[in-house]
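Written out below as structure tokens is the structure these notes cover.
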Amino acid sequence: MSYKSGFISIIGRPNAGKSTLLNAILKEKIAITSPKAQTTRNNICGILTLADVQYVFIDTPGIHKPKHELGKTLNKSAYSALSEADVIYWISDITQEFGSGDAFLLERIKASELPCFLILNKVDLLAKQECMEKLIEWGERYDFCEIFPISALHHDNVDSLLQTTKTYLKEGPKYYPDDMISDHGESFRIAELIREKVLYKTEEEVPHSVAVVIERKEETETACDIQALIIVERSSQKGILIGKQGDMIRSIRLSAQKELKALLHKKVNLELFVRVENNWRNRSNKLQQFGYSELKKDE
Ligand SMILES: Nc1nc2c(ncn2[C@@H]2O[C@H](COP(=O)(O)OP(=O)(O)OP(=O)(O)O)[C@@H](O)[C@H]2O)c(=O)[nH]1
Ligand SMILES: [Mg+2]
Numbered sequence: 348m349s350y351k352s353g354f355i356s357i358i359g360r361p362n363a364g365k366s367t368l369l370n371a372i373l374k375e376k377i378a379i380t381s382p383k384a385q386t387t388r389n390n391i392c393g394i395l396t397l398a399d400v401q402y403v404f405i406d407t408p409g410i411h412k413p414k415h416e417l418g419k420t421l422n423k424s425a426y427s428a429l430s431e432a433d434v435i436y437w438i439s440d441i442t443q444e445f446g447s448g449d450a451f452l453l454e455r456i457k458a459s460e461l462p463c464f465l466i467l468n469k470v471d472l473l474a475k476q477e478c479m480e481k482l483i484e485w486g487e488r489y490d491f492c493e494i495f496p497i498s499a500l501h502h503d504n505v506d507s508l509l510q511t512t513k514t515y516l517k518e519g520p521k522y523y524p525d526d527m528i529s530d531h532g533e534s535f536r537i538a539e540l541i542r543e544k545v546l547y548k549t550e551e552e553v554p555h556s557v558a559v560v561i562e563r564k565e566e567t568e569t570a571c572d573i574q575a576l577i578i579v580e581r582s583s584q585k586g587i588l589i590g591k592q593g594d595m596i597r598s599i600r601l602s603a604q605k606e607l608k609a610l611l612h613k614k615v616n617l618e619l620f621v622r623v624e625n626n627w628r629n630r631s632n633k634l635q636q637f638g639y640s641e642l643k644k645d646e
């Protein structure tokens, strides 16, 4: 039997569950997720290697109307994943109405002429009858190759999605070694985990104004010392992030430290610093410095 492989780009609006699906497929958290829109800021490659097939998934930032240079860069990353794909997964939240953002995406998908799976996610939130109605409604919009109702959060229908995807992949090489599951290194994952805790613990503009940079990482067999810098856009945001008597930053540090311990399988000593970089989301040199440009890739 010949070996199959291919690239599957996961695209959709913010918060649809793209990263949750990637993690469900790989059965490991390689992309952070959160209830806040625009959680993902870099294309993240997730590799699933089986005996007869290698799937290379590209999780992308949610496509949205940009308000900053950062937003434009995020959209650009998502679109670039379209050009590399053999198959597109378009993930949509089944509980949301079809809007102008979806219409816009549909046009891009049609223009790409690539096989597109429509994945209607979060079926756990709707009654069966409502799901059926949504499936019919969506099916009338375009001749999708496949329409899959799933719950990425509960791993529901994900195996059959993979089985069907395989039938669309062609004979091809193993692009990546068997033990590689992502194209990003450890520092990226550590910075992202810290950013995830900020996303969960802060509100309104603060979570979106934050970038995280790992400044130092020193490891022994049993312990890892990490110093990370949290960047915000205004001094008022710095105040919120530090909190009353340091409450907020301590809480972020402790929950990140706990998860990092599980990730690295060793004792972790995490130190966090907060710095203001005015309006960094509109400054191209800062975007590049913090890892949000095509030019700079982690490790
Ligand atoms: N109930 C339910 N919630 C889900 C499901 N899949 C994802 N979610 C939740 O939806 C929110 C967004 O999930 P993400 O995976 O971060 O969404 P995303 O599409 O990657 O978002 P961006 O990176 O911002 O574009 C999180 O709170 C998830 O827990 C699902 O199947 N059911
Ligand atoms: Mg995401």
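Each number in this note's numbering corresponds to the 1-based position in the sequence shown with 347 added. From the three backbone atoms N, C-alpha and C, an ideal C-beta is built for every residue, glycine too.
Residue nearest to residue i in terms of C-alpha spacing, selected from the options
i, options, result
"Ala363", "Ala384, Asp440, Tyr489, Leu607", "Asp440"
"Gly409", "Leu452, Ala538, Lys614", "Leu452"
"Ile596", "Asn625, Leu546, Leu588", "Leu588"
"Arg542", "Thr569, Glu551, Val559", "Val559"
"Ala538", "Tyr547, Glu550, Ile577", "Ile577"
"Val505", "Ser356, Thr367, Thr420", "Thr367"
"Asp406", "Val400, Gln385, Asp490", "Gln385"
"Glu568", "Ser640, Lys608, Lys548, Lys585", "Lys608"
"Arg536", "Asp572, Ile561, Leu472, Lys423", "Ile561"
Unbroken alpha helix (DSSP H) run spanning residue i, endpoints
i, result
"Lys585", "582-589"
"Arg542", "533-548"
Terminal residues of the beta strand (DSSP E) in which residue i lies
i, result
"Gln592", "Element bounds for Gln592: n/a, residue is neither H nor E."
"Val655", "As displayed, the chain neither begins before 348 nor continues past 646, which places residue 655 out of reach and without an answer."
"Glu562", "558-566"
"Ser352", "351-359"
Distance cut-off 7 angstroms: residue i Cβ against heavy atoms of ligand 2
i, result
"Asp530", "no"
"Lys365", "yes"
"Ala609", "no"
"Asp406", "yes"
"Ala384", "no"
"Ala499", "no"
Any non-hydrogen atom of ligand 1 within 7 angstroms of residue i CB
i, result
"Lys412", "no"
"Asp698", "Any question about residue 698 goes unanswered here, given that the chain covers just 348 to 646."
"Asp506", "no"
"Gly393", "no"
"Asn362", "yes"
"Asp471", "yes"
"Thr387", "yes"
Counting only runs that start and end within the region 421-479, where is the alpha helix (DSSP H) found for 4 or more residues in a row? 447-459
Ranges of the alpha helix (DSSP H) found wholly within the region 364-427, counting only runs of at least 4: 365-373
Quick one: complete alpha helix (DSSP H) runs, 4+ long, within the region 476-524? 505-515
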